[in-house]
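Q: The opening position of the sequence shown corresponds to residue 224 in our numbering, with each subsequent residue numbered one higher.
Dropping the structure in here first, questions after.
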Amino acid sequence: MNLHEYQARELLKVHGVPMFDGGVASTPDEATAIARRLGGTVVVKAQVHSGGRGKAGGVKLAQTPDETKEHATRILGMTIKGLVVEKVLVVPAADIVTECYVGLIMDRESQRPLFMVSPAGGVDIEEVAAKTPEQIHRLAVDPRYGLLPHQALGLALKLYQNFDQVRAAAKIMEQLYAAFMANGASLAEINPLATTPDGKVLALDAKISIDDNELDRRRDLAALRDETAEAPSEVAARKANLTFIKLDGNVGCVVNGAGLAMATMDLVKYYGGEPANFLDIGGSSNPEKVVDALKIITADPAVKVILFNIFGGITRTDDVANGIVTATRQFKVEVPIVIRLTGTNEKEAIKILEGVGMKALNDMDEAVKQAVALAKGAK
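Listed below in structure tokens is the structure:
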């Protein structure tokens, strides 16, 4: 679950990360009041779960409260990468001398929290990695001991030469690590970590993603979820207990099991197609899940064909077949459906499908090739 910047700032402030005061506003008048309280030049920042806010016009400097109101009026309600801006963050503008990047992710390869720091902050870390990878320094942290003081100093020395700033940055990294671990985060980053003309080191931006598995035991974090900032299809899938990720292709995939889902997407690409989604109906036998899955997929106008790839174990293929039949009776599916199923109650499933004029394949390659061909032939 991604947090808005204003939410991430609050979690970091709890652990002492130094940053400017600020406030979040849902209306231009609220933004104006915050600007008056802060005084001086402020930055008005759109709060959406998307990068590129500045390029999209979602980050503006305002010299006065009246100018803050103008910018907030323009930004609130605008759309950035398909997401409508519902809130803006208003913070003091800073005179910046240097900009660095400090980030922490849960690294699957090392199975440890991994620090990444770079003196080239202020831009996307992906851009730094692509153009100047030598400017990114990494350190995997042993969670048994946490980030040790000498390790934090070593990272900070990659960023600064002034030792007061090195000590300040090292302390911020320890605070960032504490916030990361305390909140079950999968990502936490400060970009930029800036120095000001008076030599201070402080966070000017914050980003935190919470591991979804943490939310069942952390109701306080779950309450921070903003569904208005998420894709409607992903919200619907979560409420239906489906694992769903929207992709950019046109082959809608319905699969049981994450491994089979990945293999299916790989095979779609192998045969020249592009998957429109990752959708895992899970291992239970529940026709209603199939109905929900089809509602979500058919709501995507990019989908030109639907591919079922079901390997029946705990999942009964006759339940999946019943779900497909139920869905097609409840609403009209405008695109072709290719079905591959094998395993538990396969004979019963085939009989159910044949009863409504549908066919099922047994071979996975053949099913994927048919789906890709239909998607390519669609107008």
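By construction, the Cβ of each residue, glycine as well, lies at the ideal position given by its N, Cα and C atoms.
Which of helix, strand or coil does DSSP assign to residue 436?
A: Stepping through the sequence shown from its first residue, residue 436 is reached at position 213. Three-state DSSP puts residue 436 in a helix.
Q: If I measure Cβ to Cβ from residue 284 and keep anything under 7 Å in the same chain, skipping five residues before and after, which residues do I get?
A: Here the question's residue 284 lines up with position 61 in the sequence shown. Counting only Cβ-Cβ distances below 7 Å, and skipping sequence neighbours, we find 264, 266, 316.
Q: Between residue 531 and residue 476, what straight-line distance do the alpha-carbon atoms span, to the nearest angstrom?
A: The residue you call residue 531 lines up with position 308 of the sequence shown. The residue you call residue 476 lines up with position 253 of the sequence shown. Between residue 531 and residue 476, the C-alpha separation is close to 6 Å.
Q: Enumerate in chain order the residues of its own chain whose CB-to-CB distance from residue 469 is below 8 Å, with the five nearest sequence positions on each side excluded.
A: For the purposes of this step, residue 469 is identified with residue 246 of the sequence shown, where counting begins at 1. Cβ neighbours of residue 469 beyond the five flanking positions: 454, 456, 457, 499, 500, 523.
Q: To which residues of the same chain is residue 251 closer than 6 Å at the C-beta, ignoring the five residues directly before and after it?
A: As a working note, residue 251 is residue 28 in the sequence shown. Excluding residues within five positions, the ones whose Cβ falls inside 6 Å are 292, 295, 296.
Q: Straight-line CA distance for residue 563 to residue 533?
A: Taking the sequence shown and counting its residues from 1, the one referred to as residue 563 is at position 340. Taking the sequence shown and counting its residues from 1, the one referred to as residue 533 is at position 310. Cα to Cα, residue 563 sits roughly 6 Å from residue 533.
Q: Kindly give me the distance between the Cβ atoms of residue 396 and residue 411, rounded to whole angstroms, as I take these residues to be in contact under 8 Å.
A: For this step, residue 396 is matched to residue 173 along the sequence shown. For this step, residue 411 is matched to residue 188 along the sequence shown. That pair is no contact at about 11 Å.
Q: Can you round the beta-carbon distance between residue 516 and residue 465 to whole angstroms, since I take them to be within the 8 Å contact cut?
A: Along the sequence shown, one-based indexing puts residue 516 at 293. Along the sequence shown, one-based indexing puts residue 465 at 242. Between residue 465 and residue 516 the Cβ distance is about 6 Å, and since that is below 8 Å, they are a contact.
Q: Beta-carbon within less than 7 Å of residue 231's beta-carbon, same chain only, minus the 5 sequence neighbours each way: which residues are those?
A: Your numbering for residue 231 matches position 8 in the sequence shown. Closer than 7 Å at Cβ, skipping near neighbours: 429, 430, 431.
Q: Starting from the C-beta of residue 585, find all residues in its chain whose C-beta is less than 6 Å away, skip the five residues before and the five after it, and write them out in chain order.
A: Position 362 of the sequence shown holds residue 585. Answer for residue 585: 565, listed in chain order.
Q: Which ranges does the alpha helix (DSSP H) cover as unbroken runs of at least 4 residues, wholly within the region 358 to 406, from first to last along the chain?
A: If we require 4 residues or more, the alpha helix (DSSP H) runs fully inside the region 358 to 406 come out as 372 to 379, 386 to 405.
Q: What does the Cβ neighbour count give for residue 373, buried or exposed, with the cut at 16 atoms within 10 Å?
A: Working through the sequence shown from its first residue, we reach residue 373 at position 150. Exposed, by the Cβ-count rule.
Q: Out of 281, 310, 244, which has the shortest C-alpha to C-alpha gap to residue 227?
A: Taking the first residue of the sequence shown as 1, we reach residue 227 at position 4. Checking every option, the nearest Cα to that of residue 227 belongs to 310.
Q: Does DSSP put residue 532 in a helix, in a strand, or in coil?
A: In the sequence shown, residue 532 corresponds to position 309, counting from 1. Three-state DSSP puts residue 532 in a strand.
Q: Which word fits residue 537, buried or exposed, when buried means at least 16 other C-beta atoms lie within 10 angstroms of its C-beta?
A: Start at 1 with the first residue of the sequence shown, and residue 537 comes out as number 314. Flag for residue 537 reads exposed.
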